[in-house]
Amino acid sequence: MRFDTLIRNGIIVTATDMYAGEVGIVGDKVSAIGAHLPSENTGRIIDAAACYIMPGGIDVHTHLDMPFGGTTSADDFESGTIAAAFGGTTTLIDFAIQYKGQSLRQAFETWMKKAEGKAVADYAFHCIITDLGAAQLEEMGQLVREGVSSFKLFMAYPGVFMLDDATIFRAMSQAAKHGGLICMHAENGGAIDVLVQRALAEGKRAPKYHALTRPTTAEAEATSRAIALAEMAGAPVYIVHLSCNDALEKVREARDRGLPAYAETCPQYLYLSLENFDVPGFEGAKYVFTPPLREKWHQEKLWQGLAQDTLQVVSTDHCPFCFKEQKELGKDDFTKIPNGGPGIEHRLSLVYTGGVHGKRFSPNRFVELVSTAPAKLFGLYPRKGTLAVGSDADIVIFDPNREDVISAKTHHMRVDYSMFEGIHIKGMPKTVLSRGRPVIDGGKFVGRPGAGQFVRRHTYAGV
Ligand code: URP
Ligand code: ZN
Ligand code: ZN
Numbered sequence: 000m001r002f003d004t005l006i007r008n009g010i011i012v013t014a015t016d017m018y019a020g021e022v023g024i025v026g027d028k029v030s031a032i033g034a035h036l037p038s039e040n041t042g043r044i045i046d047a048a049a050c051y052i053m054p055g056g057i058d059v060h061t062h063l064d065m066p067f068g069g070t071t072s073a074d075d076f077e078s079g080t081i082a083a084a085f086g087g088t089t090t091l092i093d094f095a096i097q098y099k100g101q102s103l104r105q106a107f108e109t110w111m112k113k114a115e116g117k118a119v120a121d122y123a124f125h126c127i128i129t130d131l132g133a134a135q136l137e138e139m140g141q142l143v144r145e146g147v148s149s150f151k152l153f154m155a156y157p158g159v160f161m162l163d164d165a166t167i168f169r170a171m172s173q174a175a176k177h178g179g180l181i182c183m184h185a186e187n188g189g190a191i192d193v194l195v196q197r198a199l200a201e202g203k204r205a206p207k208y209h210a211l212t213r214p215t216t217a218e219a220e221a222t223s224r225a226i227a228l229a230e231m232a233g234a235p236v237y238i239v240h241l242s243c244n245d246a247l248e249k250v251r252e253a254r255d256r257g258l259p260a261y262a263e264t265c266p267q268y269l270y271l272s273l274e275n276f277d278v279p280g281f282e283g284a285k286y287v288f289t290p291p292l293r294e295k296w297h298q299e300k301l302w303q304g305l306a307q308d309t310l311q312v313v314s315t316d317h318c319p320f321c322f323k324e325q326k327e328l329g330k331d332d333f334t335k336i337p338n339g340g341p342g343i344e345h346r347l348s349l350v351y352t353g354g355v356h357g358k359r360f361s362p363n364r365f366v367e368l369v370s371t372a373p374a375k376l377f378g379l380y381p382r383k384g385t386l387a388v389g390s391d392a393d394i395v396i397f398d399p400n401r402e403d404v405i406s407a408k409t410h411h412m413r414v415d416y417s418m419f420e421g422i423h424i425k426g427m428p429k430t431v432l433s434r435g436r437p438v439i440d441g442g443k444f445v446g447r448p449g450a451g452q453f454v455r456r457h458t459y460a461g462v
């Protein structure tokens, strides 16, 4: 047996196991896992001493090169996947947007072109549906068969992305028929719009009013409605970027009843709060994203939700806009601030720091939240999301004791601030392989734009 790469001296961590072992790689696949694997003629030996050997992270919620709010998100598929790789993410699922009047295929092809030749790690797409006629309804099944097996729908952003309940119900029924999974942006967009217009009429224009006009009740109501519509349609539903305890309770109730309801949260809701708006001038715009930040006490509820499997996934909702010139579009009116924040690079470190070092859950649960559960829910498992013979050799050598302080001065995202500036992390990737090739090694990017491939996903199979 001869390996192209052999990883030794580390502790293998999957969602279920943790043991001293070696991983042998041939080509782009894991070809052996064991003790004392033969090292003769091995191409490259990686010493993982004092480190975990874990499956590459999977971020199922990113917005690279996305036109939004009168501008375009600042990371494209090259800078975004490089930053992701620095943070231990080797696969991401981005969103292809179908604009009104377009076919779903047009959306898919447009986003395929954005990624082609640029991505340094693997990628897949969900399709955002904004216009669902008979033709697009038919296309949903075709897309599922081509590997775009999930769809994002919006209950917010009236006039831009928002769909009515009948359309949501139709889409859910069709997704259920073809094995697709509906990802839901759950906020009551109509009620929020009234609150926003009221705030503007009262001259409330500062960034914090973005958060104050989007109450937790609006998220909880929409979460509950999304789950009810999915139940009627006989469909599974996945609530994206869940931010507050009120919505968490709705997911818990549904899961207690045995419904296939799932949800993700994001590091910004675990680490940041309304207090972040207590900054001078327009600085609060750095924290304008949707759903917004909440009172601090929600954070611990979300951590508990992750520990108890009410929440299955941590994604980033990476949607970066520079403070200069992009966030500044809303200097005089919070409704014109492009919604979104940068986070693709620090997901693993932030979840490990708060989750494992914070004694809230085990290293296995950490791997499950950032890699295995996303792979299972979104049709990537077992090709990705675990370390097994035959899996893609997407591997992170993760040093659980390496420390750093997050800063825009040192991050790799193409954005001029960090939401997490000054936050101390413990637990960081040391070496990152994408399908057997090193992408990050010794703190340096060693990959190649264009090496990342589109991954056709299976249908939803449940966790
Ligand atoms: O503010 C956010 N989250 N921007 C990205 C679009 C979305 O709703 O996920
Ligand atoms: Zn959303
Ligand atoms: Zn998003």
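Numbering that gives the first Met the number 0 applies: residue 0 is where the sequence shown begins, and numbers increase by one.
We treat Cβ as the ideally placed atom computed from N, Cα and C, and that holds for glycine.
I'd like to know whether the C-beta atoms of residue i and residue j end up nearer to each other than 8 Å.
i: F76; j: D64; result: yes
i: L301; j: L269; result: yes
i: S242; j: E218; result: yes
i: V143; j: H184; result: no
i: A210; j: F276; result: yes
i: F397; j: G20; result: no
i: P319; j: S72; result: yes
i: S433; j: G179; result: no
i: Y208; j: F67; result: no
i: T129; j: H317; result: no
Tell me the residue span of the alpha helix (DSSP H) that contains residue i.
i: T109; result: 103-114
i: N187; result: It is not in any alpha helix (DSSP H) - N187 carries neither H nor E in the DSSP assignment.
i: I81; result: 76-85
i: R363; result: The displayed chain sequence assigns Asn, not Arg, to residue 363. Element bounds for N363: 362-366.
i: G304; result: 296-306
i: P259; result: Neither: P259 is in no alpha helix (DSSP H) and is coded neither H nor E.
To the nearest angstrom, report how far apart residue i and residue j are at their CA atoms.
i: Y122; j: T90; result: 5 Å
i: V312; j: S30; result: 28 Å
i: R346; j: D245; result: 24 Å
i: G449; j: Q141; result: 26 Å
i: A200; j: V287; result: 20 Å
i: H297; j: L36; result: 47 Å
i: I127; j: E263; result: 17 Å
i: E252; j: V369; result: 24 Å
i: G283; j: L273; result: 10 Å
i: A533; j: A14; result: With the chain covering only 0 through 462, there is no way to say anything about residue 533.
i: G389; j: T289; result: 39 Å
i: G132; j: G146; result: 21 Å
i: A175; j: A232; result: 7 Å
i: H457; j: S148; result: 7 Å
Within 7 Å: the Cβ of residue i and any heavy atom of ligand 2?
i: T215; result: no
i: T289; result: yes
Is residue i near ligand 3, with its Cβ less than 7 Å from a heavy atom?
i: C318; result: yes
i: H62; result: yes
i: H240; result: yes
Compute every distance between the C-beta of residue i and the non-hydrogen atoms of ligand 1, then say whether any falls below 7 Å.
i: H184; result: yes
i: N338; result: yes
i: H209; result: no
i: H423; result: no
i: H297; result: no
With residue i as the anchor, note down where its beta strand (DSSP E) starts and where it stops.
i: A123; result: 121-127
i: H431; result: Residue identity differs from the one stated: residue 431 is Val in this sequence, not His. First-last of the beta strand (DSSP E) with V431: 423-433.
i: L91; result: 88-96
i: Y18; result: 17-25
Counting only runs that start and end within the stretch 132-168, where is the beta strand (DSSP E) found for 3 or more residues in a row? 149-153
Residue ranges of each alpha helix (DSSP H) within the stretch 221-255, 4 or longer: 244-255
Contained alpha helix (DSSP H) runs [length at least 4] in the stretch 325-409, N- to C-terminal order: 346-350, 362-366, 372-376
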